[in-house]
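2 protein chains.
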Amino acid sequence: MRELVLKVFSEQNAAISLSDLEQKFEKVDKVTLYRTLKTFEENKLIHSINDGSGSIKYALCRETCQCNPEDLHVHFFCKKCKQTYCLNDIPVPAINLPVHFSLENISMVVKGICSNCDK
Amino acid sequence: MRELVLKVFSEQNAAISLSDLEQKFEKVDKVTLYRTLKTFEENKLIHSINDGSGSIKYALCRETCQCNPEDLHVHFFCKKCKQTYCLNDIPVPAINLPVHFSLENISMVVKGICSNCDK
DNA sequence: ATAACATTGCAACTCAGTTGCATAAACTTT
DNA sequence: AAAGTTTATGCAACTGAGTTGCAATGTTAT
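If you read the protein sequences in the order shown, they are chains A and B.
Note that the first sequence covers residues 20 to 138 in this note's numbering.
Note that the second sequence covers residues 20 to 138 in this note's numbering.
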């Protein structure tokens, strides 16, 4: 099962939600896929993206990714096709936090229209 | 009712979720508060923040805010006190999107420990 | 073959957000 | 002031994502 899920991810260029996954496998239980995603996430094969759409999306991490702040990239949510994309080439800019604020993680999601839908 | 809700917001320095609000008014229906939040948001009195905690938080907009990309500031979610704060003084940095990507909105949420909990 | 462990599926639940409908309150118009 | 219209509130009920417990099935090691 995990191999199949991994295959789906590698063939996909947009991020995937649990229910997206469910629809790719008609006869697999949601819970199985849920747990697969959790396992993958724990092992840093995939990372989760909260794009504000109401469901958490997941996308493959790159080989070197340790999900540290310096590994993070910007995500893009297209309002038209409702897809979320990793902008792997755009790192999340560093932020100067106020004093005594520690940084563990940054999430940056841009909303707009993607190049495909813009035509 | 709306006046009371607005008062809660103005007395609060962290963002508030619907269920936070519910607890501030023991005998007001959740739906009323829900609709109040929606109305406030439409009229740009408050803005919503998706901090990944599972519930949408709201905080007062500043007088001049039109919720345009250039009005946006960074938000901070403290893992310890579970509060979300507007870092009003830290604007969301501009991003160079790939060609043909249009920008409508950016959300930037930093996770870590806030100055209060860091002591 | 048996025991130990891992994976899957079913049912059921939580919790946030949401909608419809009925009632109640507040204005408008005559 | 009475009748009508609009607006606000409350109740019930639902959706959809995410989650948990437990039983059944499959896999691996002894």
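Yeah, the Cβ is synthetic: ideal placement off N, Cα and C, and Gly gets one too.
Residue 59 (chain B) sits in a helix when the DSSP states are folded into three classes.
Interface residue (Cβ-Cβ distance to chain A less than 8 Å): residue 100 (chain B) is not classified as such.
Against residue 112 (chain B), the close residues of chain A are 112, 114, in the order they occur along the chain (beta-carbon pairs closer than 8 Å). Straight through space, the alpha carbons of residue 125 (chain B) and residue 86 (chain B) are spaced by roughly 10 Å. Here residue 117 (chain A) carries a coil assignment [DSSP, helix/strand/coil]. Around the beta carbon of residue 77 (chain B), 16 or more other beta carbons sit within 10 angstroms, so the residue counts as buried.
Among the bridge pairs identified by DSSP, residue 53 (chain A) is matched with none. Chain B places no beta carbon closer than 8 Å to that of residue 49 (chain A), leaving this residue out of the contacts. Against chain B, the beta carbon of residue 124 (chain A) has neighbours under 8 Å at 129, 130, 131, listed in chain order. A check of alpha carbon separations from residue 62 (chain B) across B:99, B:80, B:105, B:34 identifies B:80 as the nearest. The Cβ atoms of residue 109 (chain B) and residue 92 (chain B) sit closer than 8 Å to each other.
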